[in-house]
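*Asks:*
In the numbering used here, the protein residues as written are 2 to 263.
(1) Along the beta strand (DSSP E) that carries residue 259, what are the first and last residues, could you check?
(2) Taking a contact to mean a Cβ-Cβ separation below 8 Å, would you say residue 144 touches residue 188 in this structure?
(3) Where does residue 234 fall in DSSP's three states?
(4) Whose C-beta lies closer than 8 Å to the C-beta of residue 194 among residues of the same chain, with five residues either side of it excluded?
(5) In the DSSP assignment, what are the bridge partners of residue 69?
(6) Between the alpha carbons of residue 38 and residue 44, how many angstroms are there, rounded?
(7) Can you tell me which of 131, 66, 127, 167 puts its alpha carbon nearest to the alpha carbon of residue 182?
(8) As an exercise, report each continuous alpha helix (DSSP H) stretch of at least 4 residues that is fully enclosed by the segment 146-205, in chain order.
(9) Could you check how far apart the C-beta atoms of residue 239 and residue 218 are, in whole angstroms? I think they sit under 8 Å.
(10) Output the boundary residues of the beta strand (DSSP E) element that contains residue 3.
(11) Going along the chain, which unbroken runs of the beta strand (DSSP E) with 3 or more residues stay wholly within the segment 4-35?
(12) Which residues share a DSSP beta bridge with residue 126?
(13) So residue 78 is in the alpha helix (DSSP H); what residue range does that whole segment cover?
(14) For residue 234, count neighbouring C-beta atoms within 10 Å of its own C-beta (all shown protein chains included) and say buried if the count is 16 or more, exposed if not.
(15) Residue 26 to residue 118, Cα distance in whole Å?
(16) Quick one: grab the DSSP three-state call for residue 57.
(17) What is the DSSP secondary structure of residue 102, counted as helix, strand or coil?
(18) Give me the Cα-Cα distance between residue 241 and residue 227, rounded to the nearest whole angstrom.
(19) Just to confirm, is the Cβ distance from residue 165 to residue 208 under 8 Å?
(20) Considering only DSSP beta bridges, list what residue 224 is partnered with.
(21) Have a look at residue 167 and residue 85 and give me their C-alpha separation to the nearest angstrom.
(22) Among residues of its own chain, excluding the 5 on either side of residue 14, which ones have a beta-carbon nearer than 8 Å to its beta-carbon?
What follows is the structure, encoded as structure tokens:
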């Protein structure tokens, strides 16, 4: 009988292949690590079994890193996001959309359905609507004063979440959402974090964001399909005792990006 890792690997590759014209190349580098290339993929996929803690990287390749537990718990989101990136399905143009504020309830529902890291309602929420349908969403924090900069009335905001409806590539979407937010609140800067597991370079640089720093990988204790962020060694030791069948995972870290508003 095929084990759960190879079952979901086969399902994952099968559904991708059905959407691509050219053949996928599946390289079983070890019983615990699979490399997927070819097809219409503009990047390489690395799929990790539970017993691999750290990422396997190649500076010459653009890589999407996926853990087995995430593929089990977020299967539809991961598949549709890869297809959207590779095939640009349902391309929509921001100029044809209407920007409007979104309430907390609809924000949470949209993020739970479309964002890998789940829902975070934030304080301010802006969406793009195409024929009445919400297809893109940005969530912002409240303003934070920056006294260390010694600039009067300087306020910094964080872009906490951004995503498109799965299957959509919204051209100019993030720019239109940020423009609406800037018009309403006149921030001096907007900062955000981008997940290096999905891209080692941020596309936000194309709209004016600059890279401020790189954050170290985060560590998680995985128990089934549940992930717990490890904040210190004491917590790590307690998690090992509480969930002895769990295992350690590390992501690739993140990029801290800042957009300075002129």
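We put the beta carbon where it would ideally sit given N, CA and C, even for glycine.
*Replies:* Reading off the structure:
(1) Segment 255-261, the beta strand (DSSP E) holding residue 259.
(2) The answer is yes: Cβ separation under 8 Å.
(3) For residue 234, the three-state secondary structure derived from DSSP is helix.
(4) 216, 255, 256, 257, 258
(5) Answer is none; residue 69 lacks a bridge partner.
(6) About 7 Å.
(7) 127
(8) 174-186
(9) About 21 Å; that fails the 8 Å criterion.
(10) Per DSSP, residue 3 belongs to no beta strand (DSSP E) and is neither H nor E.
(11) 25-31
(12) 140
(13) 76-88
(14) exposed
(15) 28 Å
(16) coil
(17) strand
(18) 14 Å
(19) no
(20) According to DSSP, residue 224 bridges with 227.
(21) 7 Å
(22) Excluding residues up to 5 positions away in sequence, 25, 27, 37 lie with their Cβ nearer than 8 Å to the Cβ of residue 14 in the same chain.
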